[in-house]
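As structure tokens, the structure follows; a few thoughts come after it.
Numbering (our numbering), first residue to last: 533 to 772.
Following this line, the structure appears as structure tokens:
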């Protein structure tokens, strides 16, 4: 992961999305679902979920939206959802992963295929692009919250907690873990007093590719449309 900054991509997307409340709620719904799916839908028994619920409330996310994400993860109400990942290519050959949770696969795949076609992309077969990504735990510490914190201190604390790698950016310290160690590392650093700007299990592109501004604009429009789909949990690309 040398040289790669997930924070760079997060900030690039946030610049365009922060004005869109629906985008913020979509991200929170994804985090709620993932946390509840991993360790149960009861915030009192799930520290990671409790943290996301607090973030959702701070963002004024409606209670119904929060509960819907939790119900989707737990299967409450008798609804049966399947987790399906779709793979494809966008403009300039950028690889795209789309994680979904759906109660109607035919509806979901049709909608996703249409989105790809709409912006010059193509839906691929299972395994066509997944090999270009690694699933990682990701934690970002905002440096403005800890102005006296130095890289060596964060590196020592993170590695001692079980992290794989630490990268220093202008705005944040980025900590990467295996998915299995994510909660352990998060809990250990939280106990040490660290607060995270981002904390999630995510997909990291192995070889991020630079693309032109025109291609970036087309890709962003495709990603925006995919994220507006209520069945979509997350969208990942190999664009830097």
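The beta-carbon is built from N, C-alpha and C at its ideal position, and this holds for glycine as well.
Residue i, buried or exposed, once every other Cβ within 10 Å from all chains shown has been counted against 16
i, result
"residue 535", "Legend: pLDDT at residue 535 = 49, less than 50; position of this residue unreliable, value from coordinates given subsequently. Classification for residue 535: exposed."
"residue 551", "With a pLDDT of only 45 at residue 551, under 50, the local geometry of the prediction cannot be trusted, and the value read off the model is given with reservation. So residue 551 counts as exposed."
"residue 673", "buried"
"residue 679", "exposed"
"residue 699", "buried"
"residue 623", "buried"
"residue 580", "buried"
"residue 744", "exposed"
"residue 742", "exposed"
"residue 792", "For the chain, the structure presents residues 533 to 772; residue 792 sits outside this window and is missing."
"residue 725", "exposed"
"residue 718", "buried"
"residue 612", "exposed"
"residue 577", "exposed"
"residue 688", "exposed"
"residue 614", "exposed"
"residue 759", "buried"
"residue 712", "exposed"
"residue 706", "buried"
"residue 479", "Missing from the structure shown is residue 479; the chain here goes from 533 to 772 and no further."
Per DSSP, cross-strand counterpart(s) of residue i
i, result
"residue 620", "628, 655"
"residue 770", "Answer is none; residue 770 lacks a bridge partner."
"residue 730", "672"
"residue 634", "614"
Own chain, CB closer than 7 Å to residue i, minus 5 neighbours either side, in chain order
i, result
"residue 660", "619"
"residue 656", "619, 620, 621"
"residue 598", "564, 585, 588"
"residue 557", "593, 597"
"residue 704", "539, 672, 673, 674, 675, 729"
"residue 714", "669, 733"
"residue 763", "632, 633, 634, 640"
"residue 605", "565, 568, 569, 573"
"residue 677", "727"
"residue 652", "623, 750"
Beta-carbon proximity list for residue i, same chain, < 6 Å, skipping 5 on both sides
i, result
"residue 776", "Coverage of the chain is limited to positions 533 through 772, which leaves residue 776 absent and any answer about it impossible."
"residue 755", "767"
"residue 716", "694"
"residue 747", "623, 624"
"residue 775", "Limits of the chain in this structure are 533 at one end and 772 at the other, which puts residue 775 out of reach."
"residue 721", "693"
Cβ-based neighbour list, residue i, same chain, cut-off 8 Å, excluding 5 preceding and 5 following
i, result
"residue 608", "573, 602"
"residue 710", "668, 669, 696"
"residue 739", "664, 770"
Report task. Tell me, please, whether the stretch 635-650 touches the stretch 742-752 by the rule of three or more beta-carbon pairs shorter than 8 Å. Result -> no
Requested in this report: Please confirm if the stretch 621-633 is in contact with the stretch 586-597, defined as three or more CB-CB distances below 8 Å between the two stretches.
Outcome: no
Query raised in the report: Counting only runs that start and end within the stretch 650-716, where is the alpha helix (DSSP H) found for 4 or more residues in a row?
Result: 683-693
Requested in this report: Count the C-beta pairs between the stretch 662-682 and the stretch 633-644 that are closer than 8 Å, then say yes if the count reaches three, no if not.
Outcome: no
Query - Segments of 4+ residues assigned as alpha helix (DSSP H) that fall wholly inside the stretch 735-763 - result: 745-759
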